[in-house]
Ligand SMILES: Cc1ncc(COP(=O)(O)O)c(C=O)c1O
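In the UniProt record's numbering, the protein residues as written are 1 to 429.
As C-alpha cells, this is what we get:
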C-alpha cells in the first residue's frame, strides 16, 4: 500500500501511518496464532486456547435470566436473549495488554513504567514512584500524571490504603494528575477488600481533588466489553465538561443506556450478581492455581481480576527478555495457549506471564490445564529444583465443585455497602 503521492508528498498523516498501534509488534503473534487456529472442543480440539483476553464469561446465565424477567428494559425479545452473550462480549481485541496503544498512539502521550519487583509482590512504593519521576526529569520529560490500575492488571492484586495514600501525597507534592483505573473493582473475590481512591480523598481535605480522575467501564466486572460503556469520574469540573464535549462522537447508544440503566438500578439483581460473580471467580481462581501448583507452577498471590500472574522463571534458559519471548513462542506454538508475556506489560523481571482464566468454560479450562501439565512433564528437568513440588502422580487433581459449595469470603462490594464505592456500582442515570 502506498502512503506517498506521485509528487513524493505523503498521502496520509504520520499518525495514520506510524506503528503506534503496534499491530505489527511481535506480541500480536499470539492473537494471529489464535485467529488462524482457534480451539473448539469438538471441531478443533488441538487449536489454540485464548488465554490473552481479560474477559468475564462466568455469569452470563444470571444476566440472561434478568433480561428474560425484564423485557421492557431492552428491545431484545425472549427469542433473542441467547444472542445477548455474543453481543455483550464482542470486542476489538487487537490491542496490547499494557496501555501503550490505548493511550499513546492517538494522543502522543508517553508512558514511563514505574518499575516494581517481585521481592515485595510488585508493590507500588514511594521509592519506585520517585525513581520513575527522577528518570523522567533526567530525560527532560515533563511528567503530567500518574496512572494506576486498582485492582491491578496484570497482577490481580489490590492497592492497599497506604499505597493509595502514598500515591495521593506523591501527586499532590509534584502537582500532577492521578488517573485511577478501577475497571476491575468488582472482580475482588476475597479479602482484602477493594478500596477506591474516592475513599482516600475523603480522608484528607488537604488533597487537591482537582487532580484526581477515576475511570471505569462495564467491560470487566459485568463482562460487557461489547457495549462500550465507559465512565470518567473526575473531581475536576473542567475535565468533566471537556469530556462531555469530546464524547459527542463516541456516545453510548441510547438503547444500551436504557438497558444498562435499568439493570444497574435493580439493586437486588446487582447485589446477587456481584456475590455470585465473586464466588465464581474465586472457584475459577482456586481450580486454576491448584492445578498449576500441582505441577510446580506458582502464581502471585492475588484476590481480584480475571487472570493469574504466573511465575515461569524456572523455565527460562536465562533471565532475559529474549528467553522469555522464546518461551512465550513455545507456549503459543507448541502448548497452544495464547498467554501474555510479562515484557508486554513492561515487567522488568523476565519469566512472568499473564493467563486469563475467566473467558472460558470449565471444559476448556481443563484442556488448558492438561496442556500445561503435559508441557511441564516434558520440560520438568528445566524447572528449578527449588521451585519444584512434584506430585508422584502428575495428573491434575482438580476438584470442580459446584458453585454453591464455593467458599465465599465476605466481600463488601455490594450496592448497599456503606463505604464509598467505585462509580460503577452506584451508577445511575
Ligand atoms: C486496566 C484496564 N483498563 C481499561 C481496559 C479497557 O477496557 P474497555 O475498553 O473494554 O472498557 C482494560 C481492558 O483490558 C484494562 O485491562
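Beta carbons are placed, not taken as given, at the ideal position from N, Cα and C, and that holds for glycine.
*Are there three or more Cβ pairs, one per stretch, closer than 8 Å when the stretch 55-69 is compared with the stretch 362-371?*
With the cut-off at 8 Å, the stretch 55-69 and the stretch 362-371 do not touch.
*Around the C-beta of residue 46, are 16 or more other C-beta atoms found within 10 angstroms, so that it is buried, or is it exposed?*
For the purposes of this step, residue 46 is taken as residue 46 along the chain shown, with counting starting at 1. Result: exposed.
_Am I right that residue 104 and residue 112 are in contact with their C-beta atoms under 8 Å? What's the rounded C-beta distance?_
In the chain shown, residue 104 corresponds to position 104, counting from 1. In the chain shown, residue 112 corresponds to position 112, counting from 1. The Cβ separation is near 11 Å, so there is no contact.
*With residue 274 and residue 358 assumed to form a contact (beta carbons below 8 Å), what rounded beta-carbon distance in angstroms separates them?*
On the chain shown, residue 274 is found 274 positions in, with the first residue counted as 1. On the chain shown, residue 358 is found 358 positions in, with the first residue counted as 1. Approximately 15 Å separates the beta-carbon atoms of residue 274 and residue 358; this is outside 8 Å, ruling out the contact.
*In chain order, which beta strand (DSSP E) runs of at least 3 residues are fully inside the stretch 213-271?*
230-234
*asked:* Which same chain residues end up closer than 8 Å to residue 38 when comparing Cβ atoms and leaving out the 5 residues on each side of it in sequence?
replied: As a first step, residue 38 must be located in the chain shown, where it is residue number 38. Answer for residue 38: 44, 47, 48, 50, listed in chain order.
_8 Å CB neighbourhood of residue 466 in its chain, flanking five on each side removed_ = No answer is possible for residue 466: the residues shown for the chain start at 1 and end at 429.
*Give a yes or no on contact between the stretch 152-161 and the stretch 182-202, applying the rule of three or more CB pairs nearer than 8 Å.*
yes
_C-alpha distance - residue 82 paired with residue 136, whole-angstrom precision_ = Position 82 of the chain shown, counting from 1, holds the residue named residue 82. Position 136 of the chain shown, counting from 1, holds the residue named residue 136. Rounded to whole angstroms, residue 82 to residue 136 spans 51 Å at the Cα level.
*Taking the alpha carbon of residue 128 as the point to measure from, which residue in 107, 166, 108 has its own alpha carbon closest?*
Mapped onto the chain shown, residue 128 falls at position 128. Cα-wise, what sits closest to residue 128 is 166.
*Tell whether a beta-carbon distance below 9 Å holds between residue 54 and residue 224.*
Counting from one through the chain shown, the residue named residue 54 turns up at place 54. Counting from one through the chain shown, the residue named residue 224 turns up at place 224. No; because the gap between Cβ atoms is not below 9 Å, this pair is not in contact.
*Using the C-alpha atoms, what's the distance from residue 234 back to residue 283?*
Mapped onto the chain shown, residue 283 falls at position 283. Mapped onto the chain shown, residue 234 falls at position 234. So the two alpha carbons sit approximately 35 Å from each other.
*When you compare only the Cα positions, how much space is there between residue 441 and residue 6?*
This structure gives no information on residue 441, because the portion of the chain shown stretches from 1 to 429.
*Exposed or buried, residue 388, counting other C-beta atoms within 10 Å across all chains shown (16 or more means buried)?*
Counting from 1 along the chain shown, the entry for residue 388 is found at position 388. Caution is warranted here: a pLDDT of 42 is assigned to residue 388, below 50, making its placement in the model unreliable, and the coordinate value is therefore given only provisionally. When all chains shown are included, residue 388 counts as exposed.
*Does DSSP classify residue 327 as helix, strand or coil?*
Position 327 of the chain shown, counting from 1, holds the residue named residue 327. Correct three-state label for residue 327: helix.
*Around the Cβ of residue 303, are there at least 16 other Cβ atoms within 10 angstroms (buried) or fewer (exposed)?*
Along the chain shown, read from residue 1 onward, the residue named residue 303 stands at position 303. Its Cβ being crowded by 16 or more others within 10 Å, residue 303 is buried.
*Quick one: what's got a C-beta closer than 6 Å to residue 397's C-beta in the same chain, skipping five residues either side?*
Within the chain shown, residue 397 is the residue found at index 397, counting from 1. Unreliable positioning characterises residue 397 in this predicted model, as indicated by a pLDDT of 34, which lies under 50. A coordinate reading is not provided.
_Pairwise C-alpha distance: residue 291 and residue 305_ = Along the chain shown, one-based indexing puts residue 305 at 305. Along the chain shown, one-based indexing puts residue 291 at 291. Taking the straight line from one Cα to the other gives about 18 Å.
*Mark residue 158 as exposed unless 16 or more other C-beta atoms lie within 10 angstroms of its C-beta, in which case mark it buried.*
The residue you call residue 158 lines up with position 158 of the chain shown. Per the 10 Å Cβ criterion, buried.
_Inside the stretch 306-367 only - alpha helix (DSSP H) runs reaching at least 4 residues_ = 321-330
_Terminal residues of the beta strand (DSSP E) in which residue 146 lies_ = Within the chain shown, numbered from 1, the residue matching residue 146 stands at position 146. That run of the beta strand (DSSP E) goes 145-149.
*When the Cα of residue 257 is compared with those of 239, 228, 269, which residue comes out closest?*
In the chain shown, residue 257 corresponds to position 257, counting from 1. Restricting attention to 239, 228, 269, the CA atom closest to the CA of residue 257 is found in 228.
*Between residue 132 and residue 115, is the Cβ-Cβ spacing less than 9 Å?*
What you label residue 132 is simply residue 132 of the chain shown in a count that begins at 1. What you label residue 115 is simply residue 115 of the chain shown in a count that begins at 1. Closer than 9 Å, so yes.
*What do you get for residue 338, buried or exposed, if any count of 16 or more other CB atoms within 10 angstroms of its CB means buried?*
If you number the chain shown from 1, residue 338 lands on position 338. Counting every other CB atom within 10 Å of its CB across the protein chains shown gives residue 338 a total of 16 or more, marking it as buried.
_Is any non-hydrogen atom of ligand 1 found closer than 8 Å to the C-beta of residue 256, if you look at the structure I gave you?_
The sequence position of residue 256 within the chain shown is 256, counting from 1. No, since every heavy atom of ligand 1 falls outside the 8 Å radius drawn around the Cβ of residue 256.
_Just verifying my parser: in three-state terms, what is the DSSP assignment at residue 405?_
For the purposes of this step, residue 405 is identified with residue 405 of the chain shown, where counting begins at 1. Low confidence applies here, because residue 405 scores a pLDDT of 32, under 50, leaving its location unreliable; read the following figure in that light. Helix.
*Could you tell me the boundaries of the alpha helix (DSSP H) in which residue 63 lies?*
If you number the chain shown from 1, residue 63 lands on position 63. Its alpha helix (DSSP H) spans residues 60-69.
*Considering only C-alpha positions, which residue in the set 207, 218, 156 is nearest to residue 191?*
The residue you call residue 191 lines up with position 191 of the chain shown. Among 207, 218, 156, the Cα nearest to that of residue 191 is on 156.
*Go to residue 162, then tell me how far its beta strand (DSSP E) extends in each direction, as first and last residue.*
For the purposes of this step, residue 162 is taken as the residue at position 162 of the chain shown. Per DSSP, residue 162 belongs to no beta strand (DSSP E); it is in the alpha helix (DSSP H), 161-174.
*residue 50 beta carbon near ligand 1 (any heavy atom closer than 8 Å)*: Translated into the one-based positions of the chain shown, residue 50 becomes position 50. Flag unset: Cβ of residue 50 not near ligand 1.
*asked:* From the DSSP secondary-structure annotation, give me the bridge partner or partners of residue 298.
replied: Counted from its first residue, the chain shown places residue 298 at position 298. Note: residue 298 sits in a beta bridge opposite 311.
*Check each candidate in 211, 267, 353 and name the one with the smallest Cα separation from residue 236.*
As a working note, residue 236 is residue 236 in the chain shown. The shortest C-alpha separation from residue 236 is found at 211.
*Under 5 Å from any heavy atom of ligand 1, by CB: list those residues in chain order, please.*
54, 149, 153, 181, 183, 217, 219, 225
*Identify, in the order they occur along the chain, each residue of the same chain with its Cβ nearer than 8 Å to the Cβ of residue 4, setting aside the five sequence neighbours on each side.*
One-based indexing of the chain shown puts residue 4 at position 4. Answer for residue 4: 10, 11, listed in chain order.
*asked:* I'd like the span of the alpha helix (DSSP H) that includes residue 111, first residue to last.
replied: One-based indexing of the chain shown puts residue 111 at position 111. According to the DSSP assignment, residue 111 belongs to no alpha helix (DSSP H), since it is labelled neither H nor E.
*Pull up the distance between the alpha-carbon of residue 287 and that of residue 293, whole angstroms please.*
To locate residue 287, count along the chain shown from 1; it is residue 287. To locate residue 293, count along the chain shown from 1; it is residue 293. Here the alpha carbon of residue 287 sits roughly 10 Å from the alpha carbon of residue 293.
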